[in-house]
Structure formats: structure tokens, C-alpha cells
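J.: In this text, residue positions in the sequence shown follow this note's numbering: the first is 48, and each later residue adds one.
Note that beta-carbon positions come from the ideal geometry of N, C-alpha and C, so glycine has one too.
Take this structure first; my questions come after.
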Amino acid sequence: MANRLGIAVVAVTHLNKAGGGSKRSALNRFAGSVAFVAAARAAFAVIEDLDDDERRFLLQAKDNLGKKCKGLTFRL
């Protein structure tokens, strides 16, 4: 439907807690069914900088359309 209408669909969710020093990938930390992220063409995560309470990282977790991109930082 999105392709037919020429629109992008943006879904917003949150990451599950990593828990116990887990090293799960960002894709496996998206809340809810992994099928939602698996079906998406691209997924991005916003995470906190543990050394700076006001700084956040916008990182590419998945992209099967283009080349990998560098992350961005921003401040609240």
C-alpha cells in the first residue's frame, strides 16, 4: 500500500532492556515481535550516551536498500 501511494510508513517502538550484560544485537532488542523489524527496509535506534546525560546517538540498526551510513549524535 505504501508503495502504491508513494509514502513512507514510520513505526516507533522502544528497545527492551539488555539485561545481564547481554550482547544482543540492536535488531533483537526492538520491543515486540522481531517480525516487525524484519519486515522493514530500514531500522534506526536512538540510544543514550552513558557518559553524557544530554547526548543521544541515532544509529542504523538495519538497512537492506542502500549502503551503511554513519550514525549521528544530538543533544536534548
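Taking the C-alpha atoms as reference points, what is the distance between Asp99 and Leu105?
T.: Taking the straight line from one Cα to the other gives about 15 Å.
J.: Would you kindly work out how many angstroms separate the C-alpha atoms of Ala92 and Gly113, rounded to a whole number?
T.: Roughly 17 Å between the two C-alpha positions.
J.: With H, G and I counted as helix, E and B as strand and the rest as coil, what does DSSP make of Val59?
T.: Coil, per DSSP.
J.: Go ahead and pull the three-state DSSP assignment for Ala86.
T.: It is helical.
J.: Can you check DSSP and say which residues form a bridge with Glu101?
T.: According to DSSP, which records beta bridges pairwise, Glu101 is partnered with nothing at all.
J.: Is Leu52 helix, strand or coil when you go by DSSP?
T.: DSSP places Leu52 in helix when its eight states are reduced to three.
J.: Thinking Ala49 and Val57 are a contact (beta carbons under 8 Å), I'd like their distance in whole angstroms, please.
T.: 10 Å between Cβ atoms; not a contact.
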